[in-house]
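For reference, the structure is listed below as structure tokens.
In the numbering used here, the protein residues as written are 5 to 281.
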């Protein structure tokens, strides 16, 4: 009796099967045919990322996981006939690119970067972006992600930068921009603000216990009395010549002559109270 189905191996070579599928997709131009079939349909515009192009070690598991989800959504839209953009992108100007190049060159500060040469340092950053983009593209294709590879956008391109300035100009003309003040996370080594994403990375933000001291500052002209201050920078004490008080806050004097903020020690007994003003 003739077998209808070929015998399957007990232990299939899954990587080999994947490569066979990828080769068939490429030889039959399956992705190109799909795009042609859906051309002119309802638009669904998806722009990937952009992933920071800061490593030549390849994609991490979290990248592969995310790209798999993105690919599933696009394939679902393709099955429904949507004409899609399929554009991949690379973030080329983040701190991660510069920090990676710094580490590769053994540089540790902005001053050392300036001594090395800004033009040469920028060229090294562009070289890293190009190599990282090549590796990521190769691995994404191996993953089986369908994108318009080769039509990627790069955030450091003149076109991208021009569109950003054009967008800001439009916001300004509509009166949607304002100048204000806010606190932000700051990296003293890099000399720039850092994003929430950068803060969430391992070994970036840490809770630390700093040394702190309570110190009595003798009050001039008031024998036996002192103002108690608290500092987390005890190394600055030798340079201190005065202390600031809140004019609207209430201060209390203890039996031993120490003046402290009443709000901080509400249960204490005070022999005298006074405003900071």
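Glycine included, every Cβ here is placed at the ideal spot set by N, Cα and C.
Please state whether the Cβ-Cβ distance between residue 71 and residue 144 is less than 8 Å. As a working mapping, residue 71 is identified with position 67 in the chain shown. As a working mapping, residue 144 is identified with position 140 in the chain shown. Taking C-beta atoms as the reference points, residue 71 and residue 144 count as a pair closer than 8 Å.
Below 8 Å between beta carbons: does that hold for residue 256 and residue 266? Position 252 of the chain shown, counted from the start, is the residue given in the question as residue 256. Position 262 of the chain shown, counted from the start, is the residue given in the question as residue 266. In contact: residue 256 and residue 266 (Cβ atoms closer than 8 Å).
Kindly give me the distance between the Cβ atoms of residue 56 and residue 98, rounded to whole angstroms, as I take these residues to be in contact under 8 Å. As a first step, residue 56 must be located in the chain shown, where it is residue number 52. As a first step, residue 98 must be located in the chain shown, where it is residue number 94. Rounded, the Cβ-Cβ distance is 5 Å, consistent with contact.
Sort out for me which residues DSSP pairs residue 233 with in a bridge. Numbered from its first residue, the chain shown carries residue 233 at position 229. The partner list for residue 233 (beta bridge, DSSP) reads 219.
Going straight from the alpha carbon of residue 221 to that of residue 261, what length do you get? Residue numbering aside, residue 221 sits at position 217 when the chain shown is read from its first letter. Residue numbering aside, residue 261 sits at position 257 when the chain shown is read from its first letter. Their Cα atoms are separated by approximately 11 Å.
Rounded C-beta distance between residue 2 and residue 233? I'm assuming under 8 Å. Look at the range of the chain in this structure, 5 to 281, and you will see that residue 2 is not part of it.
Keeping to the same chain, check which residues put their C-beta closer than 8 Å to that of residue 247; ignore five residues upstream and five downstream. Residue 247 sits at position 243 when you count from the first residue of the chain shown. If we look at residue 247 and ignore the five residues flanking it on each side, its Cβ neighbours are 221, 231, 233.
Can you find the residues in the same chain that come closer than 7 Å, C-beta to C-beta, to residue 136, ignoring five residues on each side of it along the sequence? As a position in the chain shown, residue 136 is number 132, starting the count at 1. Counting only Cβ-Cβ distances below 7 Å, and skipping sequence neighbours, we find 57, 58, 59, 60.
On the three-pair Cβ rule with 8 Å, is the segment 29-49 touching the segment 62-76? no
Whole-number beta carbon distance between residue 42 and residue 87, since they are thought to touch under 8 Å: The residue labelled residue 87 in the question sits at position 83 within the chain shown. The residue labelled residue 42 in the question sits at position 38 within the chain shown. Contact holds; Cβ gap of about 5 Å.
Below 8 Å, how does it come out for the segment 192-200 and the segment 97-111: are there three or more Cβ pairs, yes or no? yes
Would you kindly work out how many angstroms separate the C-alpha atoms of residue 1 and residue 237, rounded to a whole number? Residue 1 falls outside the range modelled here, since the chain spans only 5 to 281, and no answer is possible.
Please state whether the Cβ-Cβ distance between residue 283 and residue 80 is less than 8 Å. This structure leaves residue 283 out entirely; the chain is present only between 5 and 281.
In three-state DSSP terms, what is residue 197? As a working note, residue 197 is residue 193 in the chain shown. In the three-state scheme derived from DSSP, where H, G and I count as helix and E and B as strand, residue 197 is classed as strand.
Where residue 24 falls, given that 16 or more other Cβ within 10 Å makes a residue buried: Within the chain shown, residue 24 is the residue found at index 20, counting from 1. Residue 24 should be labelled exposed.
Which residues in the same chain have their Cβ closer than 7 Å to the Cβ of residue 29, if we skip the five residues on either side of it in sequence? Numbered from 1 along the chain shown, position 25 holds the residue referred to as residue 29. Around residue 29: 35.
Can you name the start and end residues of the beta strand (DSSP E) that residue 257 belongs to? For the purposes of this step, residue 257 is taken as the residue at position 253 of the chain shown. Residue 257 -> beta strand (DSSP E) spans 254-257.
Which full runs of the beta strand (DSSP E) of 3+ residues lie inside the segment 51-108, going along the chain? 93-95
Quick one: residues in its chain with C-beta nearer than 8 Å to the C-beta of residue 253, no 5 flanking neighbours on either side, listed in chain order? For this step, residue 253 is matched to residue 249 along the chain shown. Sequence-distant Cβ neighbours of residue 253 in its own chain, meaning closer than 8 Å and more than five residues away, are 265, 266, 267, 279, 280.
Assuming residue 105 and residue 129 are in contact, meaning their beta carbons sit under 8 Å apart, how far apart are those beta carbons, in whole angstroms? Within the chain shown, numbered from 1, the residue matching residue 105 stands at position 101. Within the chain shown, numbered from 1, the residue matching residue 129 stands at position 125. Right, their Cβ atoms sit about 5 Å apart.
As a quick exercise: from 235, 146, 164, pick the residue whose alpha carbon is nearest that of residue 22. Walking along the chain shown from the start, residue 22 turns up at place 18. Closest in C-alpha terms to residue 22, from the list 235, 146, 164, comes 146.
Might you give, ordered along the chain, the residues of its own chain that have their beta carbon closer than 7 Å to the beta carbon of residue 131, omitting 5 neighbours on each side? What you label residue 131 is simply residue 127 of the chain shown in a count that begins at 1. Here the set comprises nothing.
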